[in-house]
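Undergrad: The structure that follows is given in the form of structure tokens.
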Amino acid sequence: MVDSFLSIGTTRRSKALLYCSDNSVLNYNRSMTYVKNASGTSRWSKPSTGESSWLEYWEKQTGKKATRCGATDCHSTGELVGGHVQKVFGGNEIYITPLCKGCNNRTDNFWVDTELVRVPSGL
Ligand SMILES: [Zn+2]
6 MVDSFLSIGT
16 TRRSKALLYC
26 SDNSVLNYNR
36 SMTYVKNASG
46 TSRWSKPSTG
56 ESSWLEYWEK
66 QTGKKATRCG
76 ATDCHSTGEL
86 VGGHVQKVFG
96 GNEIYITPLC
106 KGCNNRTDNF
116 WVDTELVRVP
126 SGL
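In the working numbering, the protein residues as written are 6 to 128.
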């Protein structure tokens, strides 16, 4: 019950923010998620599931190759990491998504258009 209430609230809030943003955002066909960097995640240097990096974990889970930073206002193709993020209007779940090193350290909230992959349970 609480979960479904939260997810409805997240969707509505996200849409409202979408309309407040730059008009070009409205033409975006891809699904975007409003996220923030999860704090205190530096101790998880790599997954417990055997991959050598969080970026590799994301690629294995999605079947995609990470080619650019997921932040829609960045999209850098520089050095990428698997960033730990949380949904701004979601719960406390932590997700992995490709970010450049700069975006992996930002403290504001930002949109990503890349897939979010839940970290393995136990982390
Ligand atoms: Zn970036």
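Ideal placement from N, C-alpha and C gives every residue a C-beta, glycine not left out.
Can you list, in chain order, the residues of its chain whose CB lies under 6 angstroms from that of A21, leaving out five sequence neighbours each side?
TA: Because A21 carries a pLDDT of 42, less than 50, the predicted location of this residue cannot be relied on, and the following value inherits that uncertainty. Here the set comprises nothing.
Undergrad: Ligand 1 heavy atoms versus the CB of A76: any closer than 7 angstroms?
TA: It does: the Cβ of A76 is within 7 angstroms (strictly closer) of some heavy atom of ligand 1.
Undergrad: Would you check whether ligand 1 has a heavy atom nearer than 7 angstroms to the C-beta of L121?
TA: No, since every heavy atom of ligand 1 falls outside the 7 angstroms radius drawn around the Cβ of L121.
Undergrad: Between the Cα of A43 and those of D118, T112 and V122, spot the shortest distance and give me the residue it belongs to.
TA: Nearest C-alpha to A43: T112.
Undergrad: Should G87 go down as buried or exposed, given a rule of 16 or more other Cβ atoms within 10 Å for buried?
TA: That one is buried.
Undergrad: With respect to the beta strand (DSSP E) encompassing R88, which residues constitute its N-terminal and C-terminal limits?
TA: Rather than Arg, the amino acid found at residue 88 in this sequence is Gly. L85 to K92 is the span of the beta strand (DSSP E), which, as asked, contains G88.
Undergrad: Over what stretch of residues does the beta strand (DSSP E) that includes W116 continue unbroken?
TA: Its beta strand (DSSP E) spans residues F115 to V117.
Undergrad: Quick one: any contact between the segment 87 to 101 and the segment 118 to 125, if contact means 3 or more CB pairs under 8 angstroms?
TA: Cβ pair count under 8 angstroms is three or more, so yes.
Undergrad: I need the DSSP call for C79, collapsed to helix, strand or coil.
TA: Note: C79 maps to coil in three-state DSSP.
Undergrad: So C105 is in the beta strand (DSSP E); what residue range does that whole segment cover?
TA: Y100 to C105 is the span of the beta strand (DSSP E), which, as asked, contains C105.
Undergrad: With DSSP collapsed to three states, give me the class of N109.
TA: Reduced to three states, the DSSP call for N109 is helix.
Undergrad: Please state whether DSSP places T67 in a helix, a strand or coil.
TA: Residue state, collapsed to three classes: helix.
Undergrad: Please state whether the Cβ-Cβ distance between W59 and K70 is less than 8 angstroms.
TA: Not in contact: W59 and K70 (Cβ atoms no closer than 8 angstroms).
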